[in-house]
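Colleague: Below: one structure in structure tokens.
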Amino acid sequence: MRQHLRGISELTSAALLALIVISVGGLVVIRVIESIQTGIREATNQLIEAEMSLRQVLGVTAAYIDSSGNLIVVLVSGDFPVKLQDVYINDTLWSSQCKAASAGRTGPIEGFVVQPYSIVVVTCNVGAASYIDVKIVYEGGSVATRAQPV
């Protein structure tokens, strides 16, 4: 004798299908929201970095060549830390031959951080020269000046 098999009801299958669709849809929505939040976080970080670089300010207070042939450039920072990057002398990169000193700290130009409202002295041995055009590049821009022997 043959038994009669019964399947699940239409109502149960519709409910299961709806549950599966809602679950998959929920996962898609969560992934989209995470993606949007990641984009917002990255944009915020870029804005913060841009603001930091825009707030960095350096001003030249003195630039001269001393009797030993050393170029001395005295700079003052504004209300935000300044990260030095490069020194150009007569449009030639000189960063590796120069040192920066500020608040008892001395180090190479590249990556040297000048604290807010501080003086930094940049020294480069250039030998005898009648004048030198100097450009100091930092994250927020650059400053340029001309130095002469004293």
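The sequence shown begins at 17 in this note's numbering and counts up one residue at a time.
Here a beta-carbon is modelled for each residue, glycine too, at the ideal position from N, C-alpha and C.
All values reported here derive from a predicted model rather than from experimental measurement.
Out of A145, S146 and V130, which has the shortest C-alpha to C-alpha gap to Q72?
Modeller: For the residues A145, S146 and V130, the minimum Cα distance to Q72 belongs to V130.
Colleague: Please report the straight-line C-alpha distance between P97 and L74, rounded to a whole angstrom.
Modeller: For P97 and L74, the distance between alpha carbons rounds to 10 Å.
Colleague: Using the C-alpha atoms, what's the distance from G55 back to D95?
Modeller: If you take the alpha carbons of D95 and G55, they lie about 30 Å apart.
Colleague: In the DSSP assignment, find the unbroken beta strand (DSSP E) run with Q62 in it and report its ends.
Modeller: Premise fails: Q62 lies in the alpha helix (DSSP H), E26 to R71, not in any beta strand (DSSP E).
Colleague: In terms of residue numbering, what span does the beta strand (DSSP E) encompassing Y80 cover?
Modeller: Element bounds for Y80: L74 to I81.
Colleague: Taking only three categories from DSSP, how would you classify S134?
Modeller: S134: coil per DSSP, three-state reduction.
Colleague: So what does DSSP say about S146, is it helix, strand or coil?
Modeller: Of the three classes helix, strand and coil, the one that applies to S146 here is coil, per DSSP.
Colleague: Do S69 and G127 have their CB atoms nearer than 8 Å?
Modeller: Result no, Cβ atoms of S69 and G127 do not sit closer than 8 Å.
Colleague: From I38 to R22, what does the alpha carbon distance come to, in whole angstroms?
Modeller: Looking at the two C-alpha atoms, the distance is approximately 27 Å.
Colleague: If we ignore side chains and look at the alpha-carbon of each, how far apart do D102 and R47 end up?
Modeller: Looking at the two C-alpha atoms, the distance is approximately 43 Å.
Colleague: Which term fits S146, buried or exposed, when burial requires 16 or more other beta carbons within 10 angstroms of its beta carbon?
Modeller: Answer is exposed; the Cβ neighbour count stays below 16.
Colleague: Should A116 be labelled buried (16 or more other beta-carbon atoms within 10 Å of its own) or exposed?
Modeller: Classification for A116: buried.
Colleague: Have a look at the DSSP bridge pairing and note the partners of A119.
Modeller: None, per the DSSP bridge assignment.
Colleague: For Y154 and A163, I'd like the C-alpha separation in whole angstroms.
Modeller: The straight-line gap from Cα to Cα measures roughly 19 Å.
Colleague: What separation, rounded to the nearest whole angstrom, lies between the Cα atoms of Q62 and V166?
Modeller: If you take the alpha carbons of Q62 and V166, they lie about 44 Å apart.
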